[in-house]
Amino acid sequence: MTTKPPVPPAPDPEEVSEWIEAFNEIIRQEGAAHGAQLLDALSRHARETGVSVSMQLNTPYINTIPPENDAPYPGDRAIERRLESMIRWNAMAMVHRQNKKDAGIGGHISTYSSLATLVEVGFNHFFRASYGDQPGDFVYFQGHASPGVYARAFLEGRITEQQIANFRHELRGEPGLSSYPHPWLMPEFWSFPTVSMGLGPINSIYQARFMRYLENRGLIQKTARKVWAFIGDGESDEPETMGSITLASREKLDNLIFVVNCNLQRLDGPVRGNGKIINELEAAYRGAGWNVIKVIWGCDWDDLLARDTSGKLRQRMEECVDGEYQAFKAKDGAFIREKFFGKYPESLALVSHLTDEQVFKLHRGGHDAQKVYTAYKHAVEHTGGPTVILAKTVKGFGLGSAQARNATHQEKKLSDESLAIFVANVQIPIPEKEARDGSPYLPPADGPEIRYLHERRRELGGYLPARNGNFTHIEAPALEAFEDSLEGSKGRAVSTTMGYVSMLRGLLKDPKIGKLIVPIVPDEGRTFGMESIIRQVGIYASQGQLYRPHDQDMLLFYREEKDGQILEEGITEAGSMASFTAAGTSYANYRVPMIPFYTYYSMFGFQRIGDLVWAFADSRGKGFLVGGTAGRTTLAGEGLQHLDGHSLVLSSTVPTCAGYDPAYVYEIAAIVQDGIRRMYQEGEDLFYYITAYNEDYPMPAMPEGSREGIIRGLYKFRTAEKGKPVAQLFGSGSILNEALRAQTILAEKYSIQTDVWSATSYNQLRRDALAVERWNRLHPSEAEKKSYIQTVTAGMEGPIIAATDFMKVVPDQISPWLGGRLVTLGTDGFGRSDNREYLRKHFEVNAESIAAATLSRLARDGKFDKKKAQKAFKDLGVDTEKIDPARA
Ligand SMILES: Cc1ncc(C[n+]2csc(CCOP(=O)(O)OP(=O)(O)O)c2C)c(N)n1
Ligand SMILES: [Mg+2]
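By the numbering used here, the letter at position 78 of the sequence shown is numbered 91, and the numbering carries on one by one without gaps.
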């Protein structure tokens, strides 16, 4: 039994006030900084002597920056207010009208209404569109606030009235507007897809780090460019949002500013009804070493706080939980007076001179341009680390009966009356009928507002958001430059992973493109034998190497350098994917066409961070994902969680991802060479997923004439030795070797001749066939075209037995064009811990299973004796009665 330590008696209040008085005296005489130093020294001393002092990560629930430090506002507040009202109106009207016209088309009005001031202050005073000839700031907008961003671009004349009328109507044969930020859909407007919660924040952190990487490697000029990320408070619960915040402080990313729109609500209700999200986030970011600026109260609270000599107002601010703060804004001034101020006579007295309406209108900090401006100014001037601004706002701000309600997020349209009232309130000069219809308002081009708007943007170097996908295309190295990979291993047993790593080493030496290569690994470099690359180009470390590594004297020591080229991300596949995204979109964001190679444990790729890959594709990212330790039977020993038999299925779901499953190193070289050509020379929006295996076997030299087939997905690797083949064996990746062994077994034991084909990409074969099929469907009066797979298989004899180390559905992708000839062997089901021999036997993808399956099919086709086929299973050791591995 444990006994609780006795609770010490609370300190005597008189004793406490004596200490406070003495401390105040020090501050009066020596200043606040001196006071802070003394306190620091005192608490350090206390800890050293064993006195436990609690860590204070929260500051009082008031603005971090006191009113006396408010920066003078540089803009014309009256004009900015009018502009903001117009933008608010147009954003809301656009969503409202669309839902009136097309019920259920959706859209959001409440996110932007809470965010408007936060982004408008940025647009008018901070977001630079360029730095000289260099690209400007990067702004990650909250995805659901897109209507507001469109509404501003409409006033700027960058989005037409027709587009506004086609918000969420992208398929009408006229330009429309995508629901959310999607570079794929609006490639000249959006750069950063953010609408999947959490992806914007993590991508923005790694973007800021990648900016430093490019600067430190001398690939871009150092500028004052910032990465701004606007994030929801609800979104902050996503692990991706805050999972990498220590990287930002560790890397001293003072080019990064997070603005958390703390409207206290998410979709269903309050983010922290029973607590305070701002305090929770403050402690987390402060603990992680960020500069935290809370913007909780607007200027109209300054006077109340100055007169709060009793401290009761501050006490009330501390006491209330977010559920109450939300309710205050959903009710009215009388309610706030009674429930908030009214709890103590002292706090009630502070608002006795205000009407209920004035009490209701006391601003939250995030709706006060002055407070927001001050916070932003401090943030951009802060050096040595990232800043987070926690801005308190009201969800659905200004939407009358829809403000701060639990259902506010889902509000798509207001009543026609509410719209008319809104327009009258904020003085948008449109007739009531148009207001009720939700017509957009465009003030005269030569009026003060529009002139002001353009002037501000001119001052800040242009318009945002804007994406420019043009870049100076680079010439891909010729295939001959990959000579080492093409000539085979001369009998030495190596894995495709090893071969890939040597190929990468060669590419890094390429005089033209070597410096553009970005090798990325998530603490798996040694697994893939990449130590030599670490030695060759070093690991990027913004501080260089502050220690002498223990293995300094060894050839392959752990080399960290300020201009190192490898991004060794540690154990974070999400972070590594975010780096891959920053690098793979660098051609558009920085005008530097970086070529990332992200090499990882294939199981922890698409399945773990698939949504980041989807956003990468949306961003028109380029580069190579390389799934090492691929294949459900090739990676020995690791078992169920590690054996990957489906990354190729998942990669096939991404429209711009070309998935390849090469068996030999020369195939990888041919694929990579063609990939660089297509992505960086031809400028195609495309990226690659390539599997790499760790089974060692001799790598043959590239056969004459195989290049096209490798790229298109299928080529003949070994012709039947004696006479005409009666069946075809397709193999991919390391299982191609099993197909080759099966060819020998069939020939030697059963006198069955077969051809063996390397199927490098069922994904490419299928996409080509689908496209041809579609054309044929749409053009019945014209001569039918043939897809590559149809052309190649037309001359083949007999059934096709396809074996893969992935799920059967991978080869099955081409079955519609094979007229029932396809028999697939694959690795459906959970993996096991064992060696390759037993794994392949279990999953029925070994040579014996392939040979037996061939005989079985020939028997069904009447080309082989049925009894002999049945006996073959026994002779070849294939258990016909064991449990189906797909369900085992
Ligand atoms: C990964 C993911 N899950 C769920 C959603 C659906 N969703 C859209 S907005 C939203 C609530 C957002 O709340 P918050 O982040 O607080 O933003 P606010 O609109 O309040 O500013 C949800 C759950 C999504 N977009 N992405
Ligand atoms: Mg919210």
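Where is the CB? At the ideal position from N, CA and C, for every residue including glycine.
Taking the continuous beta strand (DSSP E) assigned at V273, which residues delimit it?
Counting along the chain, the unbroken beta strand (DSSP E) around V273 starts and ends at 269-275.
Leaving out the 5 sequence neighbours to the left and right, which residues in its chain are closer than 8 Å to R238 when beta-carbon positions are compared?
Closer than 8 Å at Cβ, skipping near neighbours: R141, Y144, Q147, P148, G149, D150, F151, M224, N268.
Nearest to T840 by alpha carbon, out of G644, T62, K408, R279?
Check the Cα spacing between T840 and each of G644, T62, K408, R279: the tightest is with G644.
Does the count of Cβ pairs from the stretch 469-479 and the stretch 185-192 closer than 8 Å reach three?
Too few Cβ pairs lie closer than 8 Å, so no.
For S209, verify whether its CB is less than 6 Å away from any heavy atom of ligand 1.
Because some heavy atom of ligand 1 lies under 6 Å away, the Cβ of S209 counts as near it: yes.
From what residue to what residue does the alpha helix (DSSP H) around S862 run?
860-873 is the span of the alpha helix (DSSP H), which, as asked, contains S862.
Would you kindly report the start and end of the unbroken beta strand (DSSP E) that includes N304?
Looking at the DSSP string, the run of the beta strand (DSSP E) that includes N304 is 304-308.
Kindly examine ligand 2 and report whether one of its heavy atoms sits closer than 6 Å to the Cβ of R57.
Not under cutoff, so the answer is no.
Give me the residue from E680, V550, E695, V685 with the minimum Cα distance to A714.
Looking at the Cα atoms, E680 is the closest of the given residues.
Whole-angstrom distance between M199 and W830, CA atom to CA atom:
It is roughly 35 Å from the alpha-carbon of W830 to the alpha-carbon of M199.
In three-state DSSP terms, what is E228?
Helix, per DSSP.
Mind checking which residues open and close the alpha helix (DSSP H) that includes Y465?
Per DSSP, Y465 belongs to the alpha helix (DSSP H) from 461-472.
Buried or exposed: which applies to D703, given that a residue is buried once 16 or more other Cβ atoms fall within 10 Å of its Cβ?
Per the sequence shown, the amino acid found at residue 703 is Ile instead of Asp. Residue burial annotation: I703 is buried, with at least 16 other C-beta atoms found within 10 angstroms of its C-beta.
Under 7 Å between C-beta atoms of L742 and A752
Between L742 and A752, the C-beta spacing is below 7 Å.
For E574, name the three-state secondary structure that DSSP assigns.
Correct three-state label for E574: strand.
What is the DSSP secondary structure of D892, reduced to helix, strand or coil?
When DSSP states are grouped into helix, strand and coil, D892 belongs to the coil group.
Within 10 angstroms of the Cβ of N602, are there 16 or more other Cβ atoms? Answer buried if so, exposed if not.
Burial check for N602: the Cβ neighbour count within 10 Å reaches 16 or more, so the residue is buried.
Leaving aside the five residues before and after I758 along the sequence, list all residues of the same chain whose C-beta is less than 8 Å from its C-beta, in chain order.
Closer than 8 Å at Cβ, skipping near neighbours: A860, E861, A864, L889.
Check the DSSP bridge columns for I244 and list the partner residues they point to.
V273.
Ignore the nearest five residues each way along the sequence and tell me which others in E97's own chain have a CB closer than 6 Å to its CB.
Cβ within range, chain order: A129, E133.
Spatial neighbours of K289 in its chain, beta-carbon cut-off 6 Å, leaving aside the 5 residues before and after
Excluding positions up to five away in sequence, the list reads D335.
Classify V66 as buried or exposed, calling it buried when 16 or more other Cβ atoms lie within 10 Å of its own Cβ.
By the neighbour-count criterion, in which a residue is buried when 16 or more other Cβ atoms sit within 10 angstroms of its Cβ, V66 is exposed.
Does the Cβ of E43 lie closer than 6 Å to at least one heavy atom of ligand 1?
No, Cβ of E43 sits at least 6 Å from all heavy atoms of ligand 1.
Give me the Cα-Cα distance between R299 and E424, rounded to the nearest whole angstrom.
So the alpha carbons of these two residues sit roughly 35 Å apart.
From L367 to T669, what distance separates their C-alpha atoms?
One C-alpha to the other measures close to 60 Å.
Let's see if you can read the secondary structure: which residues bound the alpha helix (DSSP H) around Y386?
Per DSSP, Y386 belongs to the alpha helix (DSSP H) from 382-394.
Using CA coordinates, which residue listed in K821, A901, I813 is at the minimum distance from S869?
Per the Cα distances, I813.
Just reading off the beta strand (DSSP E) that T837 is part of, what are its end residues?
Counting along the chain, the beta strand (DSSP E) containing T837 begins and ends at 835-838.
Tell me, please, whether the stretch 203-216 touches the stretch 503-510 by the rule of three or more beta-carbon pairs shorter than 8 Å.
Between the stretch 203-216 and the stretch 503-510 there are fewer than three inter-stretch CB-CB distances shorter than 8 Å, so the stretches are not counted as touching.
Distance between Y386 and R90 (C-alpha atoms, nearest Å):
In a straight line, the C-alpha of R90 is about 11 Å away from that of Y386.
How would you call D53, buried or exposed, if buried means at least 16 neighbouring beta carbons within 10 angstroms?
Around the Cβ of D53, a 10 Å sphere holds fewer than 16 other Cβ atoms; the residue is exposed.
When you compare the stretch 527-534 with the stretch 605-623, are there three or more beta-carbon pairs, one atom per stretch, that lie closer than 8 Å?
Contact holds: three or more Cβ-Cβ distances are below 8 Å.
Buried or exposed for N287, please, with buried defined as at least 16 other CB atoms from any protein chain shown within 10 angstroms of its CB.
N287 is classed as exposed because its beta carbon has fewer than 16 other beta carbons within 10 Å across all chains shown.
Go ahead and pull the three-state DSSP assignment for M14.
Its pLDDT being 49, under 50, M14 is placed unreliably in this model, and the coordinates cannot settle the point.
Mind checking H376: buried by the 16 CB within 10 Å criterion, or exposed?
Classification for H376: buried.
Residues bridged to S771 by DSSP?
Residue pairing by DSSP places S771 opposite Y728, G744 in a beta bridge.
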